[in-house]
Amino acid sequence: MGRKSARELRMAARVLEPGPVVLVTAQYRAQPNVMTAAWVTPISLDPPRVALAIHPSRLTHELIGKSEYFALNIVTVEYLSAVHLCGSVSGRDLDKFARAALHPIDALEIDVPVIEEAAAHIECGLVGRLSLGDHDLFVGDVLAVAADAELFEERWLHLDEAPLIHHVGGEWYAAAARVHRARLPGAEEEQEALQEESGR
Ligand SMILES: Cc1cc2nc3c(=O)[nH]c(=O)nc-3n(C[C@H](O)[C@H](O)[C@H](O)COP(=O)(O)O)c2cc1C
Numbered sequence: 649m650g651r652k653s654a655r656e657l658r659m660a661a662r663v664l665e666p667g668p669v670v671l672v673t674a675q676y677r678a679q680p681n682v683m684t685a686a687w688v689t690p691i692s693l694d695p696p697r698v699a700l701a702i703h704p705s706r707l708t709h710e711l712i713g714k715s716e717y718f719a720l721n722i723v724t725v726e727y728l729s730a731v732h733l734c735g736s737v738s739g740r741d742l743d744k745f746a747r748a749a750l751h752p753i754d755a756l757e758i759d760v761p762v763i764e765e766a767a768a769h770i771e772c773g774l775v776g777r778l779s780l781g782d783h784d785l786f787v788g789d790v791l792a793v794a795a796d797a798e799l800f801e802e803r804w805l806h807l808d809e810a811p812l813i814h815h816v817g818g819e820w821y822a823a824a825a826r827v828h829r830a831r832l833p834g835a836e837e838e839q840e841a842l843q844e845e846s847g848r
């Protein structure tokens, strides 16, 4: 992937806006791991926060619970096999970084590796945990955001050439390729005011 540059923390929401599958990285002491997650969402712009649902059986659940840090890595469809592998095998049984040919590198702010091949990453510190069903919701304060200088400005720019990955179910995935611009009926200034008001 190209060079990533640091972004405002509130850009975490924009990075996740298209709803892509992410690779969650976690580390406790000398044990790093990477897991695929689809149940991920921004939950606050100020303070910037994201949340993800993780089943207690995952090694990732254990590592985040112990270290209280994690990172979300967003990859383009080029890395689909890696995404599927990291969602099919546990780090308890395999070094998934090596098998998926994903390179862990130092994050900007936290002691958890991020993935070199990712087009963007969001570094988080755990601020809350909720058990509402069979998965636990981990809430993270966004501590740093970095995104590929060519692919992301204030939003993803080239989803046609470098689409993000969406999970459809089982071994099926979709890649969002076409971006449509919506226009609200009414004057241009009115549209801008509405957009600003919604913060989106
Ligand atoms: C596309 C996809 C999305 C997934 N999303 C989640 C998720 O949101 N939460 C979760 O707990 N497991 C999810 N999984 C399952 C885990 O990624 C899988 O159980 C993984 O092997 C756990 O790895 P670990 O034990 O190394 O942490 C998903 C799997 C796939 C293939």
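Residue numbers (the working numbering): 649 to 848. Beta carbons: idealized from backbone N, C-alpha and C, even for Gly. Predicted model only: the values in this text are computed from it and were never measured.
1. Can you tell which of P666, R662, S653 and V790 has its C-alpha closest to the C-alpha of H814?
2. Can you tell me where the beta strand (DSSP E) with T673 in it begins and where it stops?
3. Output the distance between the C-alpha atoms of A743 and P833, rounded to the nearest integer angstrom.
4. Once you ignore the five residues that flank I691 on each side, which residues in its own chain have a CB closer than 6 angstroms to its CB?
5. Does at least one heavy atom of ligand 1 sit under 8 angstroms from the Cβ of V731?
6. Using three-state DSSP, classify M683 as helix, strand or coil.
7. I need the DSSP call for S729, collapsed to helix, strand or coil.
8. So, is I712 buried or exposed, given that buried needs 16 or more other C-beta atoms within 10 angstroms?
9. With a threshold of 9 angstroms between beta-carbons, can V775 be considered close to chain B, or not?
10. Would the C-beta of T673 count as close to ligand 1, meaning under 8 angstroms from any of its heavy atoms?
11. Quick one: give me the first and last residue of the beta strand (DSSP E) that F745 is part of.
12. Buried or exposed: where does A654 fall if 16 or more other Cβ atoms within 10 Å of its Cβ makes it buried?
13. Verify whether the separation of the beta carbon atoms of I770 and H751 is less than 9 angstroms.
Looking at the atomic coordinates:
1. P666
2. V670 to Y676
3. The sequence as given places Asp at residue 743; Ala does not occur at that position. About 53 angstroms.
4. R697 and A699
5. yes
6. strand
7. helix
8. Of the other Cβ atoms in all chains shown, 16 or more fall within 10 Å of the Cβ of I712; this residue is therefore buried.
9. Any reference to chain B falls outside this structure, which holds one protein chain only.
10. no
11. Where F745 is concerned, there is no enclosing beta strand (DSSP E), although the alpha helix (DSSP H) it sits in stretches over K744 to R747.
12. exposed
13. no
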